[in-house]
Structures are given as structure tokens and as C-alpha cells.
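Visitor:
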Amino acid sequence: MKMTKPLLIFVILLPETIRAMDDLELVYGSDKMISIASGHPVPKNLTPSVTSVITREDIEAIGARRLEDVLEYLPGIHVSTARAGNKVVGFRGIYSEANTQVLLLVNGIPLRNTAIGGKPLAWTMPVKNISHIEIIRGPGSMLYGGDATTGVINIITKTGGEINGGYVGGFLGSQDTYEGWAQYGQKETEWEYAVSLQGGTTGGDQGLIARDTQTVLDGLFGTAVSYAPGPTNFGRDDIDARIDVAYQDWLRLRMGYQRFNNVQTGEGAALALDPKGAANEDIYNLDLTMQHQLSDALGLDTTVYFIGQNTQWHYNLLPAGTFGGLLPQGAESQATNFQGTTGLTNQLNYAGIQRHKVIVGTGIIYTWVSDVSNKINYLITPNFVAQVPLTDVSAFGADPILSSKNRTNFYALFQDEWNFANDFYLTSGLRYDYYSDVLDGISPRVSLVWNVNNNLTAKLLYSRSFRPPSFLEKNLPLTPDTHIKSESVNTLEFQIENKWSPGLTTSANVYWFEFDNLITSVSDSSLTSMNAVSPNPVAFTNAPKINGIGLETEMRYALTDNFNFTVNYSYHGVSESNQTGLLPKHMVKSLINWEFVKDWRIGTQLDWIGERNRPENDPRPPLVGYFTAGLTLSTQVAKPLAFVVRANNIFGSPAKEPSLNPTLLPGDVPVFERSIIGQIKWTF
């Protein structure tokens, strides 16, 4: 890129330690600056991690309703289903039903389920209030601590300046889907404010399950009480409300409320169809961020936050009359609990050393579980089955959630970015995490970025990340009187990215990782092992070492101002074990966006998911791959009204995701029914 002479003189006169970041913004533009991998804004191609960015324009072009609709089209990521209405966002071939190896952030604040692991129960997010999404495709514990072992997702919500007015709109479509949203925001001289409300309901996919757990029991006892053959149950109602207020450039207050209501169980919490069971989840968040510029070279960012989660479910694990009538009321599970999280984080940013940018961070996070109620109406052992009144499980032994009621996490981190030679950036850092109830975690990383020229960048990356066990995992070891160890993963990566022309960019990265102590659940396919007297369905253990390799490639091409597309291919290979094989080895995705006449756009979403080998303990043949195609048509010819119609799986591909048990649910889980949905938006 060439600079004009006056601009060049102006840049030379700036202090060098301040000029370095400004030079990057002048060259690459602020629209390519992201913070997730560095802790402060840097150009995407210079980040010390493999990253992706999804903008609100990308979201609109896809016609998405939920976060998962967008994440699916990124390299190396696949969104799968799990029981109890959960979605699993899988990175690099590592799958867990609770999505425990992926850290979710909302505006930089972690959203965890410390009791069970992963993200909150049934969590999702509507997209209309999302400004952009920053993703680390790989480890991120050096900045974010535990859980960031295979990926980090940071959702940035819209500010008042971004909304800059008001919007009202709605969705209407297949599967009894209805949704509405309203937003208003403004930025004035010193104040900025935004309000967003989104809410909707859907019946979800209703693919056919031919056989389930109760079908097996019916065969053993000569009964016919199973709901199979029958449809899956993915219905749910969602609400998302947020307020964002900022004063000048140093103070921002955010408040949010999410409710996931009547979230059905999909294929069933015990892999037996359950058309009546459901869960409810309420999430409250409040955070205050203060940014102080103490001097030209020194800044301090402080955030204090609170997150509350109320969880409630009533599941029918097995239908009435199961076990040959020994359980005339069926097997029910009713539970409630509250999880609270408070956190205080401080980040000191120092640029007073020539060619260095230093970050020092400290923080404390306190998590607790209270108001726990966990009741069942059955006892099942290998030799005894009985119906009992709804009784708290603590009557049969220690509740594994109540055994740990709180956790305190102190951390400290140091990171240095050193521009040691022209176009070379060495980032090194170390984070230490202390936990009150499990062993400490240490997360180092080193990255070397070579900006060969304004168009070509190469990266060599190493990092170590970890995940501590959740309360449930910690207190249910397979072998009594032993400890579940924290997971750890060492990752080595190489990436190269080239901008061939203003409209054409390609990138490719390869990675290798070694995963130690992956925490896995242990149960067999026998019917009596589903729930013992305790009545815990599984125990946990640390798996043997797992090795993985992979390749991710992407091409982004804007042929003209009115036509652009992206295409990516990814491959991962993971050691075969009982814990692997649930994510596809090969994937190809493509997005096409074409404004064929003024104010009329057509978009195409293509997704090929390759064959999946089964885990070692699953005798079924590999799960065949599938191909889905979506089509989006949008227009703004009737401004201020805009209309969008999206058709999903237009060819009716018989897509399936793998079930976790070959005996109890042998036919896997059908997903992605053909559907169509329309939306209308009014801008004022």
C-alpha cells in the first residue's frame, strides 16, 4: 500500500511506541482489527492464533436465526446435536456432549456451566443483536484460562452507535416457527445507549426415530409403550433482552436476560422419546467495564461482572409402563439449581518499551451452586426395579453436585508482543490459574508472525491449554477415592495467508495436538446401567492420550462489488478411541452472495459433511455423510421495509448426526429437515 507524502510525514512524527498500532490500522483498516487472540485490537492476519470473524453483514446474508446457523460455515467447525436441546459446536474432531472443550464468551465474559461443564443448559443466542463474532480455532487458555482447549467463541453485541436508530421485525416459517425482535440505539455527545428484545418459538426438527431405549425394553418384557417409531422433539421458546449504556469512551454498563423455555429433549434424555419432558433456563448478566488511559503508554481495563443461572427440568426418562409395568408412572427426573458467578478482571496495557506491547492481567472468579433439588421416582439396579414417590437423590447417597458447592479461581497472566525486526512479531505469554478445589493450571504460548509483505503472512504457533473438571466430573470418579485430573492439550500450528488481489484472499493452516487426560463418561449399553440407585447415570475417568492432526483451508473472493463467495475445506484426524469418531473427518462449506439487481440479493449456503467413523466401542458401520444446500432471497426495494426468505436443505438430504449408544438408539438422530422461513424488517 502506498501512502501520500503528507500522511507519511505525519506518521514519522508520531512517537514510535504509539505509531506501531496506528500503522497497522492505516494499512489494514479498522474493519479487520480483532481482539480475541491478543487481548487488544490487531489486524486479523497478524493475530497470534488461527482466527475467524463473522460480521453482521455475513449473518444477514445467510438469513440466520441462531448463532449455530452461522458457525456451521466456518472451517474446521461442525455443529451437532445432543440430548436435552443442546447443540455441540465441535472444533478439530474433539466432541463432548456438554461441549466442554469450547469456551463461550459474550462481550469477553465467560459463560460457563461449572456444575456440569460446558455452556449453560440448552444455551443458544438469536442473532439480531450480534455486532460480530470473533473465533479462535484452537486453544486459548493463555488469555482465557480453563475450558479454552479446542476453541473460543466471543460474541460481541451491538452498541447504540451501531444500531443508530430503530428496527422492528419478525420471522415466520416451517416447524411452527414464529419470532419477533425490536431494537433501538443512539450515540450522542457523551452518552451511548442501546436496547434489544428478541423472542420466538419453534417446533424444531421432527425426524423419525425408528427404535429407542424403550423399544429394547418392550422387546425384553413383551410390552408396547415406546413412542418409537415417532418424531424427535426439538421444540423450544426463547427470549433475549439486553441493555447497553456507555459514557464517553471509558465506562460501559451491560445488562442481559435470556430465557429458554419448554426446551424439549430431542431424542430423549435417556435416549427414549419423550414428547412431554422439557427444561427451563434463566440467565441474568450484569457487567461494568472501565477503561482508564493512565498515560500515553499505559492503560488499565477493569471489568466486574455477575452471571446467574436458574435451571429447571422435568424429564420422562422412560415412559409409563416401562420395565414390563414395574414402573407404572415411568421413570421421571425433576431437578432445579442455581449457579452464580462473580468476577473481577484487570488488564494493564503498556506500550512504553520500544517495539514491545506488554499485557499484565489479574482476576478472581467465584462460582457457586445453591438451591439444588434433584428428585426421581424410581429405583433401578441389576436385580431390583421399583416405583417410589418423587424423592431427592440425596436420600440414596451423596448428590454429586452438592458435594462441591463453590469454586474460587485466581489467575495472573503476562504477555509480551515484540516487533523484534521489521515485519516480525513474537508473542510470548504465560497464565497461572489457582483453583480452590482442583489442581492449578499453567498455560504458556509462543507465536511467531512474519508479515512477509502487505499481502502475505506466515505464522508458527505453540500453546498449552487446560480444562479443570466440573463439579459433577470431579465428584463421580469411576474408581472411588481417586481424583479426576484436569485436561491438557499441547498444540503446534502453522498458518499462511495471502491476499492475491483486493478481492481474493486464501489461507491454509495445519495443526498437531496431543490431548492428555480427556475427561470422559463411562457407561455400557446395558439397560440397568442407565441409572443406578445413586442414581447417577455414569462415572468419569481420564482417557488415554489422544493425538490429532488437521488441515483447514479457506478462499474468500469478491469477484465484483455485487458478487462474492467463500469456500473452505477441512480435515482432521484423531486417534481412534471410545471418545472419538463423532465429528466428520472431511468437510467442505461454501457461501455465495450475489446482488443480481439493485436491492435484490440471492445467497447460497452449501455444506458437505463427510463420513464419520464410529468410536472403538461402537460396532456400527461408519455414519454416511450428507450434503445440504440453502437458498436465501432478500430485497430492500420497499425501503424502509426489507424482506428475506430462506429455504434450508432444499434437496431434502437425509442428514443424520451420530447417536451415543449403538444399542439404545441404533438409527442415529435425523436433523436438518427441509424448511422455509421468511422475515420482515422495518427500519425507523
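In this text, residue positions in the sequence shown follow the UniProt record's numbering: the first is 1, and each later residue adds one.
Cβ atoms here follow ideal geometry from the backbone N, Cα and C, with glycine treated the same way.
#1: In angstroms, rounded to a whole number, what distance separates the CA positions of A272 and T213?
#2: Buried or exposed: which applies to E57, given that a residue is buried once 16 or more other Cβ atoms fall within 10 Å of its Cβ?
#3: Using alpha carbons as the reference points, say which of D249, E190, L46 lies closest to W450.
#4: Decide yes or no for the touch test of the segment 611 to 618 against the segment 580 to 588: beta carbon pairs closer than 8 angstroms, at least 3 of them.
#5: According to DSSP, is N45 part of a helix, a strand, or is it coil?
#6: Where does D282 fall in DSSP's three states?
#7: Residues bridged to K459 by DSSP?
#8: When you compare only the Cα positions, how much space is there between N564 and P502?
#9: Between which two residues does the alpha helix (DSSP H) holding Q214 run?
#10: Going by beta-carbon coordinates alone, are G277 and Y227 separated by less than 8 angstroms?
#11: Pull up the distance between the alpha-carbon of I549 and that of E493, whole angstroms please.
#12: Whole angstroms are fine: how far does the CA of A647 sit from the CA of T232?
#13: Measuring straight from C-alpha to C-alpha, what distance separates A558 and F338?
#14: Does DSSP put S428 in a helix, in a strand, or in coil?
#15: Looking only at its own chain, which residues have a Cβ that is under 7 angstroms from the Cβ of D371, when we skip the five neighbours before and after it?
#16: When the Cα atoms are used, what is the spatial distance from I155 to D240?
#17: Taking the C-alpha atoms as reference points, what is the distance between S447 and L439?
#18: The alpha helix (DSSP H) spanning Y144 covers which residue range?
#19: Using three-state DSSP, classify E554 as helix, strand or coil.
#20: Decide if R431 is buried, meaning its Cβ has at least 16 other Cβ atoms within 10 Å, or exposed.
#21: Using a Cβ-Cβ cut-off of 8 angstroms (strictly less than) and excluding sequence neighbours within five positions of T51, which residues of its own chain qualify?
#22: If I measure Cβ to Cβ from V538 and keep anything under 8 angstroms in the same chain, skipping five residues before and after, which residues do I get?
#23: Whose C-alpha, out of P670, P120, Q679, is nearest the C-alpha of P229?
#24: Could you please give me the residues that DSSP links to W594 through a beta bridge?
#25: Would you mind stating whether I680 and L623 have Cβ atoms separated by less than 8 angstroms?
#26: Going by Cα to Cα distance, which pick from T628, T635, T632 is closest to F651?
#27: Mind checking I109: buried by the 16 CB within 10 Å criterion, or exposed?
#28: Please report the straight-line C-alpha distance between L344 and E68, rounded to a whole angstrom.
#29: Using the rule of at least 16 other Cβ atoms within 10 Å of the residue's Cβ for burial, across every protein chain shown, is I94 buried or exposed?
#30: Under three-state DSSP, which class holds L14?
#31: Distance, Cα to Cα, L460 vs Q329?
#32: State the DSSP-derived secondary structure class of S570, mapped to helix, strand or coil.
#33: So, does the segment 409 to 426 touch the segment 105 to 125, judging by three or more C-beta pairs under 8 angstroms?
#34: Could you check what DSSP says for G324 in three-state terms: helix, strand or coil?
#35: Use the C-beta contact count for A115: other C-beta atoms within 10 angstroms, 16 or more gives buried, fewer gives exposed.
#36: Please state whether DSSP places D69 in a helix, a strand or coil.
Guide: Answer, in terms of the structure:
#1: Using only the alpha carbons, I get a separation of about 5 angstroms.
#2: Classification of E57: exposed, given that the 10 Å Cβ count is below 16.
#3: Looking at the Cα atoms, L46 is the closest of the given residues.
#4: Segments in contact, yes.
#5: Three-state DSSP puts N45 in a helix.
#6: Correct three-state label for D282: strand.
#7: Answer is V449, Q495.
#8: Their Cα atoms are separated by approximately 12 angstroms.
#9: Note, Q214: alpha helix (DSSP H), 213 to 221.
#10: Not a contact, by the Cβ cut-off of 8 angstroms.
#11: If I take the Cα positions, the gap works out to 10 angstroms.
#12: Linking T232 to A647 through their CA atoms gives a straight-line distance of about 21 angstroms.
#13: One C-alpha to the other measures close to 48 angstroms.
#14: Here S428 carries a strand assignment [DSSP, helix/strand/coil].
#15: These residues qualify, in order along the chain: T336, N337, F338.
#16: C-alpha separation (whole angstroms): 14 angstroms.
#17: Linking S447 to L439 through their CA atoms gives a straight-line distance of about 27 angstroms.
#18: Its alpha helix (DSSP H) spans residues 141 to 144.
#19: Annotated three-state conformation of E554 is strand, per DSSP.
#20: R431 comes out buried.
#21: Excluding residues within five positions, the ones whose Cβ falls inside 8 angstroms are I34, I36, A37, K44, E134, I135, I136, R137.
#22: The answer, listed in chain order, is L476, S521, V522, S523.
#23: Among P670, P120, Q679, the Cα nearest to that of P229 belongs to P670.
#24: For W594, which the question treats as bridged, DSSP gives the partners F563, I602.
#25: Not a contact, by the Cβ cut-off of 8 angstroms.
#26: Nearest option by C-alpha distance: T628.
#27: Buried, by the Cβ-count rule.
#28: About 29 angstroms.
#29: With 16 or more Cβ atoms within 10 Å of its Cβ, I94 is classed as buried.
#30: With a pLDDT of 37 at L14, under the threshold of 50, the modelled position of that residue is not reliable, and the figure given next carries that caveat. L14 carries a coil assignment under DSSP once its states are collapsed to helix, strand and coil.
#31: Looking at the two C-alpha atoms, the distance is approximately 59 angstroms.
#32: DSSP, reduced to helix, strand and coil, places S570 within a strand of the structure shown.
#33: With the rule of 3 Cβ pairs closer than 8 angstroms, the segment 409 to 426 does not count as touching the segment 105 to 125.
#34: For G324, the three-state secondary structure derived from DSSP is helix.
#35: Around the beta-carbon of A115, 16 or more other beta-carbon atoms lie within 10 Å, marking it buried.
#36: Taken through DSSP and simplified to helix, strand or coil, D69 comes out as helix.
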